[in-house]
Amino acid sequence: MERARTEWLRQLGFEQDVLRRDAGILFAVHSMQLNFRQPARFNDQLFVRSALHKMSGASMQFVQQVFKDETQLCEAMVKVACLNAETFRACPIPDFILTEMQCEC
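First residue of the sequence shown? That's 326 in the numbering used here, and the numbers climb one at a time after it.
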């Protein structure tokens, strides 16, 4: 799920290492609620669907689903906080990122 959120950001044009270096921010999981439906097995090829559910000033919430073929294995509600890269304290999501994300919500 972490990789899927990273790819979601990348699709919007944001690389996390660049955000840390140039904007001084990073994103970290604050909390997660998981519902396991079926197990995955070793070497299963999995697909993760990520959708932005809602945003606030310093956080965003994703619905993420893990599939094997057409079978849903897991669903998660993931709250991600925007943090100052130096202090690791919550900070507002920069406007240039919010603008792109609001198109997705």
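From the three backbone atoms N, C-alpha and C, an ideal C-beta is built for every residue, glycine too.
Between which two residues does the alpha helix (DSSP H) harbouring residue i extend?
i	result
Thr331	Glu327 to Gln336
Glu425	Asp420 to Gln427
I need the straight-line Cα distance from residue i to residue j, nearest angstrom please.
i	j	result
Thr331	Arg374	12 Å
Gln390	Asp347	31 Å
Glu400	Arg414	28 Å
Val343	Phe352	12 Å
Asn368	Asp420	40 Å
Pro364	Leu398	6 Å
Asn360	Gly338	30 Å
Met380	Gln386	6 Å
Arg366	Glu425	36 Å
Ala406	Glu395	31 Å
Ala410	Gln370	33 Å
State the beta-bridge partners of residue i as determined by DSSP.
i	result
Val403	Met357 and Phe387
Ala415	Leu408
Gln397	Phe392
Leu344	Paired residue(s): none; Leu344 is not in a bridge.
Phe352	Cys407
The beta strand (DSSP E) with residue i in it runs from where to where?
i	result
Leu377	Phe372 to Met380
Margin query: If contact is defined by three or more beta carbon pairs under 8 Å, each pair taking one atom from either stretch, is the region 334–343 in contact with the region 375–395?
Written below: no
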